[in-house]
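Chemist: I have a structure here, written as structure tokens, and I will follow up with some questions on it.
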Amino acid sequence: MLGYALRRVLSAIPIALIAVTICFFILRVAPGGPFDGERALPPTVLANLRAHYNLDQPLIIQYFIYVGRLLQGDLGPSMVIDGFNVSQLIAIGFPFTLTMAMTAFVIATAIGILAGIVAAVNQNKWPDYVLVLTVMVGVIIPNFLMAALLQLWFGVYLRWLPAGGWVNGSWVHLVLPVTVLAWPHAARISRLMRGSMIEVLGTNYVRTARSKGLGQRLVLARHAIKPALLPVVSYLGPGLSYLLTGSLAVEQIFGLPGIGKYFITAALNRDYGIVLGTTILYMFIILALNLIVDLVYAWLDPKVRYR
Amino acid sequence: MNNVLKTGALAAVAAMLMSTSAFAVTLQMHNGGDPGSLDPHKVSGDWENRVVGDYIEGLVTEDANADAIPGQAESWEISEDGLVYTFKLRDGIQWTDGTPVTAGDFVFAFQRLMNPATASEYAYLQYPIKNAQAINAGEITDFNELGVKALDDKTVEITLEAPTPYFLQALTHYTAYPVPKHKVEELGDAWTSVENIVANGPYKIVEWLPGSYVRSEKNPDYYDAENVQIDEVYYHVLEDQAAALNRYRAGEFDILTDFPADQYQWIEQNLPGQAHVDPFLGIYYYVLNQEKEPLNDIRIREALSISVLRDVIGPDILGTGELPAYGWVPPGTANYEGEQYLPEWSTTSYEERVERAKALMTEAGYTPENPLTLQLRYNTNDNHQRIAVALAAMWEPIGVRIELFNAETAVHYDALRAGDFQIGRAGWLLDYSDAANTLDLLKTGTSQVGGTVNWGNNYGRYSNEEFDSLLNQAATEQDLTARAGLLHQAEEIAMNDFAAIPIYWYVSKNVVSPKITGFVDNAKDIHRTRWLTKSE
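Those sequence lines, one after another, are chains P and V. Residue 59 in my numbering sits at position 59 of the first sequence, and the numbers go up by one each step. Residue 1511 in my numbering sits at position 511 of the second sequence, and the numbers go up by one each step.
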């Protein structure tokens, strides 16, 4: 198992290099550049700017400059946000995004699993219907609309919570953004959990357990929950990466300092450094999450073994 | 008894101290985008100007009405030929680390601005200064050749290439701000990081959390600090306009610097008197590619322009009452005496205009049955789309079929610059209040080494020798009235050539809480925090 994990980690290096290469060249093929704003720059100024960021070199040389810097851990400058380099922006924004995403992840996973179990056990009774309805709301309403609605309701009408902004260490500022992020995530997990739980509860070994005279709680705790978790676990990896990357709308609407927005805005601004930097970061996160999910899988399912 | 009095007095003093600190006045300003930088030589947007213009002050600065008033310079003299400006600095001005602000800081700043290595996007705004353009282009490498000199620590002398009537206006722009020579020499570009930054303006920057806010505090050493009421300013990053309005309604913002146009009616009804919609020096227009068929045909350009029903765009399509534009210089622009340009056709009825447009199109060989197909490019945005759709509908009856094509901003302007379009959306906000600043958009491109032509912002590649020569004459004309006359003639020529389709004059859209006083509506939409006061 350890050898397997090590092999997976090592194989991430060529994958990373290929991803960086593809991403680097695709970005350059796209029309427009970081200095194509509403105003034309005088040719001399444009030439100065391009020289400043090495953009006047042949593309292949630029590529080697970038990879050379990357190997030394330098993600290079941002072309659009001048006051910070890419590593600094990630250092400021990522811990925030991570805190927000992990909080949403933990809450959503816990609520989702519990709700799924409750719904499965009470199949076609009122707790099940309430759950289905809540899930529908979470999945149907897009997050930017949900954010605006919660902002209006709790920030403007009730004035219970701040409608946005960030004050360091103030958890009340996180309540609405985390709710918006967590809701659809919890909804998906509860649906997965409900479905797989219903399936497991109908299996022969659960019937056997019941016929031995085990009560509902013991049946659930000892025999049903662990196997029913499998589909949920395989969703958790992509789910967390979705939470990490999908915070764009939430960050923009609530004015939060995370890095989710760079993923989109930097691409639109052709800020090559930030696009590559965030892509590399997310690539490693996704590779790591996939590895963790595979390992957890092995622990949950006796049929899965890695060598 | 004595003790009781003492204790009472102490308590009173303590209470006063506490109350002053508890009532430290904080301005919560919505500011749109994240600053790209805090360095006055590297910024380019109005949201950056709000932050930078509060912490650095130039030789001249803006009053509440955004007119030029003495800033770090207490007075100046202009030579009779209009070429030499001599500025006398105030006594006792200093950076927030205690270092005095000297004439040397200004000389250093202008040299840095023009240094090709700085790659300042807006350096060209100070090209009126002698040798500025040549230094910026790398043709002169000795920066001391620049027309900015320190006669002594307190005197800055600026020599121009040619008399420039709007030069004081140009000096209010952030490209003319000083930078702390001692800090920049020591730290390079890192001087603007929050831990290093120093200020000479009414505020100093104390915190920057990208994506969330920049925070400034009052600078107690500023020469006019006693008249600055607001102690602390948050410039909030929030590009989502609807969310910004929600936060304003929740009481989290005191000033909104933009709002969704479709909420204007709602704001007027529910927050009466708080919306400030005012003419803003800027023009929204469509460029017509005159290098290629078919828009090199003036008949088609005329037909397109006169058949645009501009009166409905502000009130109905955008909902914020933007005024229709028939000329090229926004109303209220400085140094532009005389009647605002209005073509004759604008006074005729819309039916007559459509009839004339139809006739012109028929002459050119197109009818509604055999329409001319044109592509209209715009950058992706709801308002641009609404206007494009409306204009396409207005053009259908005269025999023009429009294919809409939208792209993100970088791609859109890349295509316009490459001349890869037929009709394209564009907009221009004036850098400073002067008519030449918009008319330059229609000037013939300048030839470059290698035979290429740099068309700059003249995307449609309009070219008229008479127009160019009038602009060149105006550039050196010292008499403001005569200069305005030349510029008026130039505007008329370009508009008679239908060089582009002006659509509307921009408006600024602010929402200001009743707690704020001192917010004066002005055409530049510049409202420095030092002039504002806030009550609880």
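C-beta atoms are modelled at their ideal positions from N, C-alpha and C, and glycine is treated no differently.
Cβ of PRO31 of chain P less than 7 Å from any chain V Cβ?
Modeler: On the first sequence, residue 31 of chain P is found 31 positions in, with the first residue counted as 1. At least one chain V Cβ lies under 7 Å of PRO31 of chain P.
Chemist: Given a cut-off of 7 Å, decide if TYR1174 of chain V and ASP36 of chain P are closer than it, judged by their beta-carbon atoms.
Modeler: As a working note, residue 36 of chain P is residue 36 in the first sequence. As a working note, residue 1174 of chain V is residue 174 in the second sequence. In this structure, TYR1174 of chain V does not lie closer than 7 Å to ASP36 of chain P by Cβ.
Chemist: Under a Cβ-count criterion, where at least 16 other Cβ atoms within 10 Å of its own Cβ denotes burial, should ALA1388 of chain V be classed as buried or exposed?
Modeler: Indexing the second sequence from 1 puts residue 1388 of chain V at position 388. Looking at its Cβ environment, which holds 16 or more other Cβ atoms inside 10 Å, ALA1388 of chain V is buried.
Chemist: Which residue's Cα is closest to the Cα of ALA1073 of chain V: V:SER1508, V:LEU1168, V:GLU1080 and V:PRO1128?
Modeler: Your numbering for residue 1073 of chain V matches position 73 in the second sequence. Ranking the options by Cα distance to ALA1073 of chain V, first place goes to V:LEU1168.
Chemist: Determine the closest residue to LEU1151 of chain V out of V:ILE1140, V:GLY1327, V:GLU1121 and V:PHE1106, with distance taken between C-alpha atoms.
Modeler: Along the second sequence, read from residue 1 onward, the residue named residue 1151 of chain V stands at position 151. For LEU1151 of chain V, the nearest C-alpha among the options comes from V:PHE1106.
Chemist: Would you mind reading off the limits of the beta strand (DSSP E) that contains LEU1372 of chain V?
Modeler: Sequence index remark: in the second sequence, residue 1372 of chain V carries index 372 (1-based). Segment 1372-1379, the beta strand (DSSP E) holding LEU1372 of chain V.
Chemist: Should ALA266 of chain P be flagged as near chain V, meaning a C-beta pair shorter than 7 Å?
Modeler: Against the first sequence, residue 266 of chain P aligns to sequence position 266. Output row for ALA266 of chain P: interface = no.
Chemist: For the pair the segment 96-105 of chain P and the segment 257-271 of chain P, tell me if three or more CB-CB distances fall below 8 Å.
Modeler: Judged by Cβ distances under 8 Å, the segment 96-105 of chain P makes contact with the segment 257-271 of chain P, as three or more pairs qualify.
Chemist: Put GLU1048 of chain V into one of helix, strand or coil per three-state DSSP.
Modeler: Here residue 1048 of chain V corresponds to residue number 48 of the second sequence, with the count starting at 1. Correct three-state label for GLU1048 of chain V: helix.
Chemist: Enumerate, from N- to C-terminal direction, the unbroken alpha helix (DSSP H) stretches of 4 or more residues contained entirely within the segment 1456-1530 of chain V.
Modeler: Complete alpha helix (DSSP H) runs here, min 4: 1465-1476 and 1480-1496.
Chemist: Can you tell me which of V:THR1373, V:ASN1522 and V:MET1029 puts its alpha carbon nearest to the alpha carbon of LEU1238 of chain V?
Modeler: Mapped onto the second sequence, residue 1238 of chain V falls at position 238. The shortest C-alpha separation from LEU1238 of chain V is found at V:MET1029.
Chemist: Do you know whose CA, among P:ASN48, P:VAL250 and P:TRP171, lies nearest PRO142 of chain P's CA?
Modeler: Taking the first residue of the first sequence as 1, we reach residue 142 of chain P at position 142. Nearest option by C-alpha distance: P:VAL250.
Chemist: In the DSSP assignment, find the beta strand (DSSP E) that holds ASN1406 of chain V and state where it starts and stops.
Modeler: Residue mapping note: residue 1406 of chain V aligns to position 406 of the second sequence, counting from 1. ASN1406 of chain V -> beta strand (DSSP E) spans 1400-1407.
Chemist: Which residues, in chain order, does the segment 1191-1212 of chain V contribute to contact with chain P at a C-beta distance below 8 Å?
Modeler: Those residues of the segment 1191-1212 of chain V that come within reach of chain P (Cβ to Cβ, closer than 8 Å) are THR1192, SER1193, TRP1208, LEU1209, PRO1210, GLY1211 and SER1212.
Chemist: For HIS1236 of chain V, return the contacting residues in chain P, with the cut-off set at a CB-CB distance below 7 Å.
Modeler: Looking up residue 1236 of chain V in the second sequence gives position 236. Those within 7 Å of HIS1236 of chain V in chain P are GLY165 and GLY255.
Chemist: Chain P partners of TYR1124 of chain V, CB-CB under 8 Å?
Modeler: As a working mapping, residue 1124 of chain V is identified with position 124 in the second sequence. Simply PRO42 and VAL45.
Chemist: Is there contact between the segment 201-221 of chain P and the segment 261-276 of chain P, where contact requires at least three CB pairs shorter than 8 Å?
Modeler: Too few Cβ pairs lie closer than 8 Å, so no.
Chemist: Whose Cβ in chain P lies nearer than 7 Å to the Cβ of LEU1038 of chain V?
Modeler: The residue labelled residue 1038 of chain V in the question sits at position 38 within the second sequence. The answer, in chain order, is GLY83.
Chemist: Relative to chain P, which residues along the segment 1098-1126 of chain V have a C-beta separation below 8 Å, given in chain order?
Modeler: Within the segment 1098-1126 of chain V, the qualifying residues are PRO1116, ALA1117, THR1118, ALA1119, SER1120, GLU1121, ALA1123 and TYR1124.
Chemist: Report yes or no: is there a C-beta of chain P within less than 7 Å of the C-beta of ASP1521 of chain V?
Modeler: Mapped onto the second sequence, residue 1521 of chain V falls at position 521. Chain P contact via Cβ: absent.
Chemist: Less than 7 Å between CB atoms is the rule here; does ASP1142 of chain V satisfy it with respect to chain P?
Modeler: On the second sequence, position 142 is the one that residue 1142 of chain V refers to. No, ASP1142 of chain V does not count as interfacial toward chain P.
Chemist: Closer than 7 Å by beta-carbon distance: list the chain P residues that pair up with VAL1411 of chain V, in chain order.
Modeler: Position 411 of the second sequence holds residue 1411 of chain V. Those are PRO31 and GLY32, listed as they occur along chain P.
Chemist: In three-state terms, what does DSSP make of PHE1143 of chain V?
Modeler: As a first step, residue 1143 of chain V is located in the second sequence; it is residue number 143 there, counting from the start. Note: PHE1143 of chain V maps to helix in three-state DSSP.
Chemist: Inspect the beta-carbon positions of MET197 of chain P and ILE113 of chain P and report whether they are closer than 7 Å.
Modeler: Numbered from 1 along the first sequence, position 197 holds the residue referred to as residue 197 of chain P. Numbered from 1 along the first sequence, position 113 holds the residue referred to as residue 113 of chain P. No, these two residues do not count as a Cβ contact at 7 Å.
Chemist: According to the Cβ coordinates, are ALA147 of chain P and ASN1246 of chain V closer than 7 Å?
Modeler: Here residue 147 of chain P is taken as the residue at index 147 of the first sequence, counted from 1. Here residue 1246 of chain V is taken as the residue at index 246 of the second sequence, counted from 1. Their beta carbons are not under 7 Å apart, which means ALA147 of chain P does not touch ASN1246 of chain V by this criterion.
Chemist: With a 10 Å radius around its C-beta and 16 neighbouring C-beta atoms as the bar for buried, classify MET1394 of chain V as buried or exposed.
Modeler: The residue you call residue 1394 of chain V lines up with position 394 of the second sequence. By the neighbour-count rule (16 or more Cβ atoms within 10 Å), MET1394 of chain V is buried.
Chemist: Using a Cβ-Cβ cutoff of less than 6 Å, which residues in the same chain neighbour ALA1022 of chain V once the five nearest sequence positions on both sides are dropped?
Modeler: One-based indexing of the second sequence puts residue 1022 of chain V at position 22. Only weak support is given to the placement of ALA1022 of chain V: the predicted model assigns it a pLDDT of 48, under 50, and the value that follows is read from those uncertain coordinates. Once the five neighbours on either side are set aside, ALA1022 of chain V has no close Cβ partner at all.
Chemist: Between SER1021 of chain V and chain P, is any beta-carbon pair separated by less than 7 Å?
Modeler: Position 21 of the second sequence holds residue 1021 of chain V. With a pLDDT of only 46 at SER1021 of chain V, under 50, the local geometry of the prediction cannot be trusted, and no value is derived from it.
Chemist: Are the C-beta atoms of ARG210 of chain P and some chain V residue less than 7 Å apart?
Modeler: Reading the first sequence from its first residue, position 210 is the one you call residue 210 of chain P. Answer no: the Cβ-Cβ gap between ARG210 of chain P and chain V never drops below 7 Å.
Chemist: Out of V:GLU1207, V:ILE1129, V:ASP1224 and V:THR1348, which has the shortest C-alpha to C-alpha gap to LEU1146 of chain V?
Modeler: In the second sequence, the residue the question calls residue 1146 of chain V occupies position 146. Cα-wise, what sits closest to LEU1146 of chain V is V:ILE1129.
Chemist: Can you find the residues in the same chain that come closer than 7 Å, C-beta to C-beta, to ASP1221 of chain V, ignoring five residues on each side of it along the sequence?
Modeler: Against the second sequence, residue 1221 of chain V aligns to sequence position 221. Excluding positions up to five away in sequence, the list reads GLN1094 and THR1096.
Chemist: Rounded to whole angstroms, how far is the Cβ of ILE1398 of chain V from the Cβ of ALA1364 of chain V, which I believe are closer than 8 Å?
Modeler: Counted from its first residue, the second sequence places residue 1398 of chain V at position 398. Counted from its first residue, the second sequence places residue 1364 of chain V at position 364. Not confirmed; about 11 Å, so no contact.
Chemist: Out of curiosity, what's the CA-to-CA distance linking TYR241 of chain P and GLY1053 of chain V?
Modeler: Here residue 241 of chain P corresponds to residue number 241 of the first sequence, with the count starting at 1. Here residue 1053 of chain V corresponds to residue number 53 of the second sequence, with the count starting at 1. Just to set this straight, residue 241 of chain P is Ser in the shown sequence, not Tyr. Cα to Cα, SER241 of chain P sits roughly 40 Å from GLY1053 of chain V.
Chemist: Counting C-beta neighbours from all protein chains within 10 Å, is the total for GLN151 of chain P 16 or more, i.e. buried, or is it exposed?
Modeler: Start at 1 with the first residue of the first sequence, and residue 151 of chain P comes out as number 151. Counting Cβ neighbours within 10 Å, GLN151 of chain P comes out buried, since at least 16 surround it.
Chemist: Under a three-way DSSP split, which group does ILE18 of chain P fall into?
Modeler: Counting from one through the first sequence, the residue named residue 18 of chain P turns up at place 18. Three-state DSSP puts ILE18 of chain P in a helix.
Chemist: Roughly how many whole angstroms lie between the Cα atoms of ASN1454 of chain V and THR1409 of chain V?
Modeler: Position 454 of the second sequence, counting from 1, holds the residue named residue 1454 of chain V. Position 409 of the second sequence, counting from 1, holds the residue named residue 1409 of chain V. Between ASN1454 of chain V and THR1409 of chain V, the C-alpha separation is close to 20 Å.
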